[in-house]
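Take the sequence shown: its letters are residues 118 to 441, numbered as in our numbering.
Ideal placement from N, C-alpha and C gives every residue a C-beta, glycine not left out.
Written below as structure tokens is the structure these notes are about.
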Amino acid sequence: MAFVLITSSYVFAMANGEKEDTSNYGTIKIDNDSFSVKEDQLVIMQITGNVVNASGGVRISLFIDKPDGSTIEVKTIPNNLGEYSTSLLLDANWQVGNYLMRVVYLGNQVGTVTFVISDIEGPNIVTSSTIGTINIEKEEYFIPKNGTRPVEIYGNVLGYKEGVPILFFLKTPDGTIEDFAANPKITGDFNTRIIIRDDWTPGTYEVSATYDKKDLGKVSFTVNNLESSESEIKIPQWVKTNAGWWASNQIDDNDFVKGIEYLIKEEILKVPQTTQEESDAESQQIPSWLRKNAGWWSEGAISNDEFVKGIQYLIQKNIVKISK
């Protein structure tokens with residue numbers, strides 16, 4: 118019979134409402150154990166601690182038991198010293214009452230702490246961010262048949278501070294929350310990526326972010342079931358290999374365009390008819406986003422159909438000429 122050994126632990130009441138629990142498996146600490154959520158007031162709980170015998174890439178699970186009996190799972194990754202840090206944005210979607218937070222790592226309970234939300238006012242805590250913006254490339258994606266598919270998250274933060282990362286929280290359709298971080302540039306601009314895998318669950322995913330303990334906002338996207346394989350354009354693997362070479366500057370634009378023209382001429386790659394614009398093809402530059410798409414396509418991160426949309430653009434702009 119499988120079992121989990123839980124050692125005795127000790128809960129300490131800290132100054133200013135802090136609370137900490139420690140065991141043979143590590144520690145957990147929250148910066149406050151009592152919260153009042155007010156309209157237009159940002160409330161963030163900071164969670165820190167450490168785990169023993171940290172194993173690279175293995176996530177820590179923080180289970181939060183809510184007053185209504187449901188449970189939220191938050192996942193975070195410790196550093197190579199076993200230290201971890203994450204935060205929770207408390208808004209009107211939470212409930213008044215007592216909460217129990219349990220930290221589990223490698224099957225062992227690291228510790229538990231309790232906190233209370235005594236009051237919630239207002240239908241929504243933050244309607245817009247005053248410290249920057251967060252955007253998403255598009256709002257609908259399909260689960261890849263194999264490999265991965267990227268979701269681009271980008272934006273800007275005001276009041277850049279060196280060494281301060283942006284904290285992101287990905288909420289999945291089943292309520293699980295996973296955190297990750299990205300560092301903005303000195304200009305405040307940032308760009309990060311979420312990778313959709315072939316084992317993802319269809320549904321709505323929500324990404325929220327904080328910077329310097331302030332709310333940056335949230336975006337959401339929908340992940341749908343795998344597209345029908347019958348509708349997808351079939352393209353030989355060697356073409357994807359060429360696209361990857363072009364994306365990494367191993368072949369030039371002319372070689373890449375000639376390969377695409379050949380596929381269209383041989384009807385291997387069928388592009389729906391578009392109206393070509395009059396222009397001097399030699400003066401046209403292939404846009405940088407197509408090079409990025411070519412790299413993703415060669416890696417299987419985007420579908421054949423998605424890549425063809427970029428080719429359609431080139432044909433419409435008369436950058437790729439189709440032999441009649």
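(request) Could you pull out every unbroken beta strand (DSSP E) segment of at least 3 residues lying fully inside the region 190-221, listed in chain order? (result) 200-207
(request) Please go through the same chain and pick out, in chain order, the residues whose beta-carbon is closer than 7 angstroms to the beta-carbon of K278, but skip the five residues on each side of it. (result) D329
(message) Please report the straight-line C-alpha distance between T293 and P353, rounded to a whole angstrom.
(response) 39 angstroms
(message) I'd like to confirm the pairing. Which residues does DSSP put opposite A299 in its beta bridges?
(response) I283
(request) With distances taken Cα to Cα, identify the nearest neighbour of I377 among I368, G361, S365, V356. (result) Put simply, of I368, G361, S365, V356 the residue whose alpha carbon is nearest the alpha carbon of I377 is V356.
(message) Relative to the C-alpha of V324, which candidate in N410, V233, N170, L284 has its C-alpha closest?
(response) L284
(message) Using the three-state DSSP reduction, which class does V374 fall into: helix, strand or coil?
(response) helix
(request) List the endpoints of the continuous alpha helix (DSSP H) containing Y430. (result) 421-433
(request) Could you check if T358 is buried or exposed, using at least 16 other CB atoms within 10 Å of its CB as the buried criterion? (result) T358 should be labelled exposed.
(message) Alpha carbons only, please: which of I313, P282, N341, K288 is nearest the one belonging to A298?
(response) P282
(request) Note the first and the last residue of the continuous alpha helix (DSSP H) segment covering K409. (result) 405-415
(request) Please classify T203: is it buried, with 16 or more other beta-carbons within 10 angstroms of its beta-carbon, or exposed? (result) buried
(request) Please classify L206: is it buried, with 16 or more other beta-carbons within 10 angstroms of its beta-carbon, or exposed? (result) That one is buried.
(request) Would you check if the distance between the CB atom of G417 and the CB atom of P261 is smaller than 8 angstroms? (result) yes
(request) Pull up the distance between the alpha-carbon of V336 and that of W317, whole angstroms please. (result) 18 angstroms
(request) Say whether the region 402-416 touches the region 425-433, bearing in mind that this needs 3 or more beta-carbon pairs closer than 8 angstroms, one atom from each stretch. (result) yes
(message) Is it buried or exposed, D422, if we count other Cβ atoms within 10 angstroms and call 16 or more buried?
(response) exposed
(request) Assign V243 to one of two classes, buried (16 or more other C-beta atoms within 10 Å of its C-beta) or exposed (fewer than that). (result) Summary for V243: the model assigns pLDDT 41, below 50, so the residue's position carries little reliability, and this model does not support an answer.
(request) Spell out whether any CB of chain D is found under 8 angstroms from the CB atom of I352. (result) Included in the structure is just one protein chain, with no chain D present.
(message) Looking at V268: is its Cβ nearer than 8 angstroms to the Cβ of I248?
(response) no
(message) So, at 6 angstroms on beta carbons, what are the nonlocal neighbours of I164 in its own chain, with the 5 sequence-adjacent residues on each side left out?
(response) I147, T203
(request) Rounded to whole angstroms, what's the CA-CA distance from T231 to N410? Just pull it up for me. (result) 47 angstroms
(message) Suppose you measure from the CA of K288 to the CA of D296; what does that come to, to the nearest Å?
(response) 9 angstroms
(message) My output table needs one value for Q226: the three-state DSSP class, helix, strand or coil.
(response) In the structure shown, Q226 sits in a strand (DSSP, three-state: E or B).
(message) Residues in the same chain with beta-carbon distance under 7 angstroms from Y379, minus the five sequence neighbours each way, listed in chain order, please.
(response) none
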